[in-house]
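Taking it in order: structure first as structure tokens, then the write-up.
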Amino acid sequence: MVIVVVLVSWVIGNTFDNLSTRGIASGFSFLQSTAGFGISTSLIEFSEASSIGRAFWVGLLNTLLVSAISVALATILGFAFGVARFSGNWLLARLAAVYVETLRNIPLLLQIFFWYFAVLRSLPSPRQSFDLMGLFFLNNRGFYVPALEIFDGGGWLLSVLIALLITAFWQRQQKLISRSCSGMAVLLLVLVFANAGISVPVLRSFNFIGGAVLSPELVALVIALSTYTAAFIAEIVRAGIQSVPRGQIEAANALSLSNKDRMRFVVIPQALRVIVPLLTNQYLNLTKNSSLAAAIAFPDLVSVFAGTVLNITGQAIEIIGITMAVYLTISLAIAMAMNAFNRTTAMRGLSP
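With my numbering as the guide, the letters of the sequence shown map in order to residues 1390 to 1741.
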């Protein structure tokens, strides 16, 4: 213990001496300084005159955005391919197997490079965009989609609506009979659309105006993360389905349940006991793997805060410490939410 205390004291003292020698002041006052750089993709307003603290929030929100979209897509794809492995259609089952064995054995960084450089960057210019129903446009500058424009006061209504939907979902999970949240949610949804409008992207000169654009970096990162993680989730789903006792499936067949009802009411509820704990690890890995966004210059937390801001300020200890703490907090939050969901599935499962 004495050796450890002495070693830690020496490291701390040596660190502060080096910072003092280089004229770097410790502390977090640098967060109030002017950023002096721009960020291409931002969910909140940001300019070169904004503070470094605001740049931190931009990077954090971009990380959360990529993680949330990728988790949702990976879950859908993973369950689809996992169930497809048991399909009676020989071709479908083999295609699912090829998908799993191929994508999970190729490094994620190479897949990100493939989607970004080989696919998205080779798309045509805005004037030759791929037109989907006149509402969606795909080109080498991104994926343009219609956007919901919230007018004054609509943002608060949207926030309350999201809170009510979360409450209604929790009540349903707890089997609480309440229609108040559902009724208020419908009313607020009407009010939100009454205070909003739809902006459709339109080609003007050399680019599109209106709507929302998903940058090539964002699209490549989401596709690579979701498809790569989905390959692992598919194997987890396959293992979960195989863990269901054969007698349960035979009992479902004896009741003349269709294949769809058998999977929905008998197999999947019991398979979730095996799937959910392993699924938590994949969600955590996906969130941490989103830091590879720096390889294609997508402005996530690592690229903006632990990259650009670190190079400008030189506050390595504070910046790396904050970045590590953020990822730790996100991981613990995901684990806590999944553990709560796991307890719910365990209670709702069939007793052995």
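The beta-carbon is built from N, C-alpha and C at its ideal position, and this holds for glycine as well.
Source: prediction; values computed, not measured.
Minimum Cα-Cα distance from T1423 among the listed residues F1470, R1635 and R1443 corresponds to R1443.
Between the segment 1435-1452 and the segment 1697-1717, the count of Cβ pairs shorter than 8 Å is three or higher; the stretches touch. Going by beta carbons, V1472 and M1652 fall inside the 9 Å limit. Remark: C-beta atoms of S1615 and A1463 approach each other more closely than 9 Å. For I1392 and T1410, the gap between their C-alpha atoms comes out near 27 Å.
Residue pairing by DSSP places F1694 in no beta bridge whatsoever. DSSP, reduced to helix, strand and coil, places T1430 outside both helices and strands of the structure shown, so it counts as coil. For N1596, the enclosing beta strand (DSSP E) begins and ends at N1596 to I1598. By a beta-carbon distance limit of 8 Å, T1669 contacts A1724. Their separation comes to about 6 Å. Counting C-beta pairs with one atom in each stretch, the segment 1621-1635 and the segment 1701-1711 have fewer than three that are closer than 8 Å, which means they do not touch. Contact between the segment 1501-1518 and the segment 1620-1628 is absent, with fewer than three C-beta pairs closer than 8 Å.
Annotation for R1662: no beta strand (DSSP E) segment contains it, though the alpha helix (DSSP H) segment containing it runs I1657 to N1678. Annotation: L1432 to M1522 spans about 26 Å, alpha carbon to alpha carbon. Residues of the same chain with a CB within less than 7 Å of the CB of L1675, apart from the 5 flanking positions on each side, are S1456, S1459, V1460, A1463, L1614 and T1618 in chain order. Residue environment: P1605 is assigned as buried (16 or more neighbouring CB atoms within 10 Å of its CB, all protein chains considered).
Restricting attention to V1691, E1707 and I1719, the CA atom closest to the CA of S1418 is found in E1707. In the DSSP assignment, G1531 forms a beta bridge with N1528. In chain order, M1727, F1730, N1731 and T1734 place their CB closer than 8 Å to the CB of V1665, counting only its own chain and leaving out the 5 sequence neighbours on each side. Sequence-distant Cβ neighbours of I1612 in its own chain, meaning closer than 6 Å and more than five residues away, are W1504. Taken through DSSP and simplified to helix, strand or coil, I1401 comes out as helix.
A direct Cα-to-Cα measurement between A1682 and R1662 gives close to 33 Å. In the three-state reduction of the DSSP assignment, L1512 falls in the coil class, being assigned neither a helical nor a strand state. Between G1448 and P1688, the CB-CB gap stays under 9 Å. In the DSSP annotation of this structure, L1681 is not part of any alpha helix (DSSP H), being labelled neither H nor E. Taking the Cα positions, G1425 is about 14 Å away from E1434. Taken through DSSP and simplified to helix, strand or coil, V1602 comes out as strand.
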